[in-house]
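Report on the structure given below.
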Amino acid sequence: MKMKIHSIGSRLFLAFALALAVVFCGGVFTFMELRKTEQIAQLVTTSIVPKRQIWNDIKALSNQHFVLSKQQLQTNDFRELARIKTAIKETELSLFVEQVSLSSLGLTNRESDDYDAFQNHMQTYLMEAATALNKLNSGQYKIAYSRFDKTAKTSLKRALAKIESSIETINREHAQANLAHRDSINQSKRMMVISFILLLLTLIALLRWITIRISNPLLNLSSTLRRLTEGNYLTRIPDFPDRKDEIGVITNATKAYQEVAQRRLELSKVVEREAKRLDAVLSNMPVGLCIFDQNFRIILKNQSFNELYELDQADDQANQKYCELIGAKIRKNLDGASEEMSCHDLITKVRSNQSFAHTWRLDNGRAISVTIQKTSEGWVSIHKDITERLNAEAKVLHMAHHDSLTGLFNRNLFADTLENVIRRAKDGEAASVMVLDLDRFKSINDTLGHKAGDELLQQVAIRLQKVCSPGDLVFRLGGDEFAIIHHSNGIHASSRTLAEAILAILEENFILEGQTVSAAASIGIAIAPDHCETTDGIYKAADIALYHAKNMGRKCFAMFTTKLEEDIRAKESLEKYMLEAFNKSEFQMQYQPIIDTDSGEVRSFEALMRWNPMDDTAVSPALFIPLAEENGFINTLGEWALEEALKTAANWPDDIRVAVNLSPIQLNDETLYDTVSNLLNKYQVEPQRLELEITETVLLDDNAANIKLLKRLHDLGVRIALDDFGTGYSSLSYLRMFPFDKIKVDRSFIKAMGNDDNSLAIVRAIVGLSRELGIDCTAEGVEDKKRLKAIESEGFSEVQGFVFSKAMHADALMDFLEMTEYRGRIAS
1 MKMKIHSIGS
11 RLFLAFALAL
21 AVVFCGGVFT
31 FMELRKTEQI
41 AQLVTTSIVP
51 KRQIWNDIKA
61 LSNQHFVLSK
71 QQLQTNDFRE
81 LARIKTAIKE
91 TELSLFVEQV
101 SLSSLGLTNR
111 ESDDYDAFQN
121 HMQTYLMEAA
131 TALNKLNSGQ
141 YKIAYSRFDK
151 TAKTSLKRAL
161 AKIESSIETI
171 NREHAQANLA
181 HRDSINQSKR
191 MMVISFILLL
201 LTLIALLRWI
211 TIRISNPLLN
221 LSSTLRRLTE
231 GNYLTRIPDF
241 PDRKDEIGVI
251 TNATKAYQEV
261 AQRRLELSKV
271 VEREAKRLDA
281 VLSNMPVGLC
291 IFDQNFRIIL
301 KNQSFNELYE
311 LDQADDQANQ
321 KYCELIGAKI
331 RKNLDGASEE
341 MSCHDLITKV
351 RSNQSFAHTW
361 RLDNGRAISV
371 TIQKTSEGWV
381 SIHKDITERL
391 NAEAKVLHMA
401 HHDSLTGLFN
411 RNLFADTLEN
421 VIRRAKDGEA
431 ASVMVLDLDR
441 FKSINDTLGH
451 KAGDELLQQV
461 AIRLQKVCSP
471 GDLVFRLGGD
481 EFAIIHHSNG
491 IHASSRTLAE
501 AILAILEENF
511 ILEGQTVSAA
521 ASIGIAIAPD
531 HCETTDGIYK
541 AADIALYHAK
551 NMGRKCFAMF
561 TTKLEEDIRA
571 KESLEKYMLE
581 AFNKSEFQMQ
591 YQPIIDTDSG
601 EVRSFEALMR
611 WNPMDDTAVS
621 PALFIPLAEE
631 NGFINTLGEW
641 ALEEALKTAA
651 NWPDDIRVAV
661 NLSPIQLNDE
671 TLYDTVSNLL
681 NKYQVEPQRL
691 ELEITETVLL
701 DDNAANIKLL
711 KRLHDLGVRI
721 ALDDFGTGYS
731 SLSYLRMFPF
741 DKIKVDRSFI
751 KAMGNDDNSL
761 AIVRAIVGLS
771 RELGIDCTAE
781 GVEDKKRLKA
791 IESEGFSEVQ
801 GFVFSKAMHA
811 DALMDFLEMT
821 EYRGRIAS
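Residue numbering for the sequence shown is 1 to 828, as defined by the numbering used here.
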């Protein structure tokens, strides 16, 4: 693991240790070289020089021995001869001593070889010299001289040669030792120089490191600290991001000091600014502020406080007490209901509590909220004029329970009231819940505008309140739906009486936007606890009764019965099985002919949808069509009906059209145009052979968008017929909205023609109008020949009804077309 060292002391210790190591290493190397020099010198002084000296001595002694030996051979003087012998013995002894000394010095191999050769030659020389001396003593002078000069001298020369060789070898060793001695001295000098240089470089590097890493940062930091202490808090602090040592610690501490100093400066500015703000706030705050100490002497109050209690400068006195200042003002301004809560009463309550709140209602109608909060040195009292807030809360409370348009109670309060009604009903106090819905409100709203619709709702609310008794509660639940909670003895009879009165008063004309408008309503009634004992249940029962009233033809009321609930459940059951029946192909299309009154020929067939369950009786379109419109399944049924009709019509003669009814819901489908266009192309049917029948309801609901879609279909070539004409609101106005290709007069007018002059007049007007507009006019529901003749005489262009044929399956149409009596003129 790599050890990190951050301390400056540790780094300095390492630096000096490194310098010491350099000195130590240099000293060791120098010592070693000096030791080597000493060894060389010792070698020279203890070995080389003594050896050379001994060899020189041996050489001298050898020559001396030779001279003495030669003198011994040449002299005859006994005294001289005795001296010479003595000298020869001393010389030989000296040679022996020198040889012993030489041996003790330690000889190299070569020196040993030379020494051994010398001894051999020297021994030979001594023996020859002795022999020569013996020959001389025996009188053999010539032999003695000859042996000495030749043999002995030769041996001595050889011995001396070995001495010279040894001396030469020693001289070479001496020369090498001297050279090694000089090299060692030079090496010692070099090591000393190198050690000195390394030590110098180390010291320089150490000083530079200390300067850069310690001295300069400390100088910069000290300068920075001096500027910071002088108040220059924006001074730049040296950055040492990689320093983890004391410099880094000091740097971080300096930065922290700078941040603290800057924050302190900012805080001082903030405090100064907030002090100014506080002064401004106290002077301009909308509530009154009064601070008083534990003895209730006023410390501070603002302008709003003075204004609330109408205080002026004359009221300001030193060490003035709270109650002394405003007590008289409170007693003067308090109304009778609050007069008992005097300032001293308030102070008494404050003493016993940490905080206190109270509202003073002044005699000028203003409400002052007073809140007193305990502090460490006294109390703070806040005085606020809450008059507008209380008025607003009262208004919000009113709005929470009242309808903003009519002023009646709203749905929220209705739900709460129902709970109370149920509780009281369980205790024996019966009540009725009446739910009212305006008939054709959307038609009036769309025709005359939303402003007129709002005005109608307001007038309805006024009439409902007028006809209801004081104990009754009238609610607007939303849209055109109202509710009434009625209390009375004999609740069933009185509820019927009230419903009849409501229907009567709502049937009276309304004046909206300067126009006279008639409106009516449908009412559903449920009695608590007879019909239900829960809030949701009683409302649902009334809603079921309302639904039944609308189905009864509107402008009437209905009382809830269990049968109505069973009918709703049956409807829900029917809705459940509708999709399943569609998937089982239980829906079929049948076709009823439409006959031309002039030629008697079939002009077209109206496609009529039938639901014939496999295991039950047929379901009337009057039941399942409205149900499909309610749950949105009508789009699927309508598309299927359109495709079946076009697929069947593709096999008819080209001059016979097919008419298909469109629900108002279908016109809200953005894909209707593409569906019609694609199916025409799919079955190769000319657009002119398709006739789409709509009711006036289509034009009531979002008529601008519906008319735009009908125009696109009409431009495609599809014929558009207005069905059930004359039964709706402002029927004639629709003929101006759109260029219809056909008008189909409702069967109710056809049926009443012979008995009702008004119906006959209406029929004649419609026929004349269609003739003037150049469009076909079809009579629906012609069931016998008598009515057929009447229809012909009034000028209808087409006839439809049982007098010709009921609706037929597709496979029976071709047979019908081939019957000649329906291809020719209609017989009388």
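Just so you know, even glycine gets a beta-carbon here, dropped at the ideal spot from N, CA and C. A quick note: this is a predicted structure, and the numbers were derived from the prediction, not measured.
DSSP, read as helix, strand or coil, puts glutamine 684 in coil. The distance from the Cβ of leucine 418 to that of threonine 535 is about 4 Å, consistent with a contact at the 8 Å cut-off.
Boundaries of the alpha helix (DSSP H) around serine 283: 246-284.
Ranked by how close their Cα comes to the Cα of leucine 760, the residues Gly795, Glu92, Lys742 have Gly795 in first place.
Within the DSSP bridge table, the entry for histidine 548 names no partner. At a Cβ-Cβ threshold of 7 Å, glutamate 500 and aspartate 437 do not count as neighbours. Note that the C-beta distance between tyrosine 683 and leucine 713 is not below 7 Å. As DSSP reads the structure, glutamate 691 sits in a beta bridge with Ala659, Arg719. Residues of the same chain with a CB within less than 7 Å of the CB of threonine 406, apart from the 5 flanking positions on each side, are Leu457, Gln458, Ala461, Arg476 in chain order. By the CB criterion at 7 Å, leucine 156 and leucine 73 fall outside the cutoff.
Of all C-beta pairs linking the region 91-105 to the region 52-59, three or more are shorter than 8 Å, placing the two stretches in contact.
When DSSP reads this structure, proline 593 sits in a beta bridge with Phe605. Excluding sequence positions up to five before and after glutamine 294, its CB lies within less than 6 Å of the CB of Gly378, all in the same chain and listed in chain order. A contact is defined here as three or more CB-CB pairs under 8 Å, and the region 31-39 fails this definition with respect to the region 210-221. Here histidine 383 carries a strand assignment [DSSP, helix/strand/coil]. Alanine 415 sits in a helix when the DSSP states are folded into three classes.
Cβ neighbours of histidine 65 within its own chain (closer than 6 Å, five residues either side excluded): Thr91.
Glycine 638 sits in a helix when the DSSP states are folded into three classes.
Rounded to the nearest whole angstrom, the C-alpha separation of methionine 814 and tryptophan 652 is 8 Å.
Taking C-beta atoms under 8 Å as the contact rule, alanine 452 and isoleucine 444 qualify, at a distance of about 7 Å. Runs of the alpha helix (DSSP H) spanning 4 or more residues and lying entirely within the region 170-246 occur at 216-229, in chain order. Glutamate 792 has its alpha-carbon roughly 59 Å from the corresponding atom of alanine 415.
Valine 435 is positioned such that its CB atom lies no closer than 7 Å to that of aspartate 530. Put simply, of Leu265, Ala392, Asp149 the residue whose alpha carbon is nearest the alpha carbon of valine 67 is Asp149. Secondary structure at phenylalanine 475: strand, using DSSP grouped into helix, strand and coil. A Cβ-Cβ contact shorter than 7 Å links threonine 675 with glutamate 639. Taking a contact as a CB-CB distance under 8 Å, the pair isoleucine 694 and aspartate 669 does not count as one, their CB atoms being some 14 Å apart.
Around the CB of glutamate 686, fewer than 16 other CB atoms lie within 10 Å, so the residue is classed as exposed. By the 16-neighbour rule on beta-carbons within 10 angstroms, glutamine 800 is buried. Of the residues Val474, Phe78, Lys442, the one whose Cα lies closest to the Cα of aspartate 403 is Val474.
A contact is defined here as three or more CB-CB pairs under 8 Å, and the region 754-769 fails this definition with respect to the region 802-818. Its Cα nearest to that of lysine 806, the residue Glu606 stands out among Glu606, Arg226, Thr151.
Distances from the CA of glutamine 465 to each of Leu448, Gly449, Glu455, Ala483 were compared; the closest alpha carbon is that of Ala483. Rounded to whole angstroms, the gap between the alpha carbons of leucine 265 and leucine 221 is 21 Å. Each of Leu228, Ile298, Phe296, Gly288 was checked against the Cα of glutamate 310, and the nearest Cα belongs to Gly288.
Going by C-alpha positions, phenylalanine 31 is about 12 Å away from valine 23.
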